[in-house]
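In the numbering used here, the protein residues as written are 387 to 457.
Have a look at the structure below, then the notes.
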């Protein structure tokens, strides 16, 4: 992910990544597009992501232990 950040910063190239790890998306992305059942349910900056938005995307709240790096 750091390589993508460097490419974006150094060359101004937009990076589009499909990921299902919310914590990584929040760490590296500036914008998130959340899709559920083929429909866009969220399209906005990472700063607007909260539990209500995650429920819209995943259909439920995410438990703390479902995030990467959490034991």
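We put the beta carbon where it would ideally sit given N, CA and C, even for glycine.
Everything numeric in this text was worked out from a predicted model, so none of it was measured.
query = Which residue's Cα is closest to the Cα of residue 433: 445, 443, 444 and 411?
reply = In the chain shown, the residue the question calls residue 433 occupies position 47. Of the listed residues, the one whose Cα sits closest to residue 433 is 411.
query = Between residue 449 and the ligand PLP, is the CB less than 7 Å from at least one heavy atom?
reply = The ligand PLP is absent from the structure shown, which contains no ligand whatsoever.
inquiry  = Quick check on DSSP: helix, strand or coil for residue 395?
reply    = The residue labelled residue 395 in the question sits at position 9 within the chain shown. Of the three classes helix, strand and coil, the one that applies to residue 395 here is helix, per DSSP.
message = Would residue 436 pass as an interface residue toward chain D - the criterion being a Cβ-Cβ separation below 8 Å?
response = Here chain D cannot be found, since the structure has a single protein chain.
Best match in 388, 400 and 439 for proximity to residue 422 [C-alpha to C-alpha] = Here residue 422 is taken as the residue at index 36 of the chain shown, counted from 1. Measuring from the Cα of residue 422, the nearest candidate turns out to be 439.
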